[in-house]
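Colleague: Before anything else, here's the structure in question.
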Amino acid sequence: MLNGENSASTRSGNQREDREGDIRFDCSQGSCALESDTSVFTLVPGDPGATYETCRLLTSEDDGHRLPLAAVAAGSEICVKNRQGDIALLVVQVKSTALPDIGFLTADMTVWRAESG
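Residue numbers (my numbering): -15 to 101.
As structure tokens, this is what we get:
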């Protein structure tokens, strides 16, 4: 679960109790969004079932460090690519953004690690 007090990291695959992870939930700019200083986000269009190849193609541009959540519903898929080249697929389970002060997002995350060396 992501909210205004924690974050998630694609490197460790875990939720973090600080705000230093790759993926943060933020409602401070008038609408709630996922954001990162280093990772790129892309909402997957169409039917569910995104693969590594889908996410690799969708995150090839390095310009989406904030993904507004207004059009994101339960079941939506979001591709993420971090600066190390790891690619993740977030599948939204629950989104609550009607009251930004207590907003949150829960998602399942699959991470494909970049090949090293």
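For each residue, glycine too, the CB sits at the ideal point set by N, CA and C.
Throw me the rounded Cβ distance for the L27 and V56 pair, which I believe falls under 8 Å.
Modeller: Taking the sequence shown and counting its residues from 1, the one referred to as residue 27 is at position 43. Taking the sequence shown and counting its residues from 1, the one referred to as residue 56 is at position 72. Sure, about 7 Å apart at Cβ, within 8 Å.
Colleague: Is the CB-CB distance between L51 and L73 below 8 Å?
Modeller: The residue given as residue 51 occupies position 67 in the sequence shown. The residue given as residue 73 occupies position 89 in the sequence shown. In this structure, L73 does not lie closer than 8 Å to L51 by Cβ.
Colleague: Please look up how many angstroms separate the CB atoms of T90 and M(-15), rounded, as I've assumed it's under 8 Å.
Modeller: Residue mapping note: residue 90 aligns to position 106 of the sequence shown, counting from 1. Residue mapping note: residue -15 aligns to position 1 of the sequence shown, counting from 1. Here T90 really is in contact with M(-15); their C-beta atoms are around 5 Å apart, less than 8 Å.
Colleague: DSSP three-state label for E37, please.
Modeller: On the sequence shown, position 53 is the one that residue 37 refers to. Reduced to three states, the DSSP call for E37 is helix.
Colleague: Can you tell me whether A(-8) is buried or exposed, with buried defined as 16 or more other CB within 10 angstroms of its CB?
Modeller: Numbered from 1 along the sequence shown, position 8 holds the residue referred to as residue -8. Classification for A(-8): buried.
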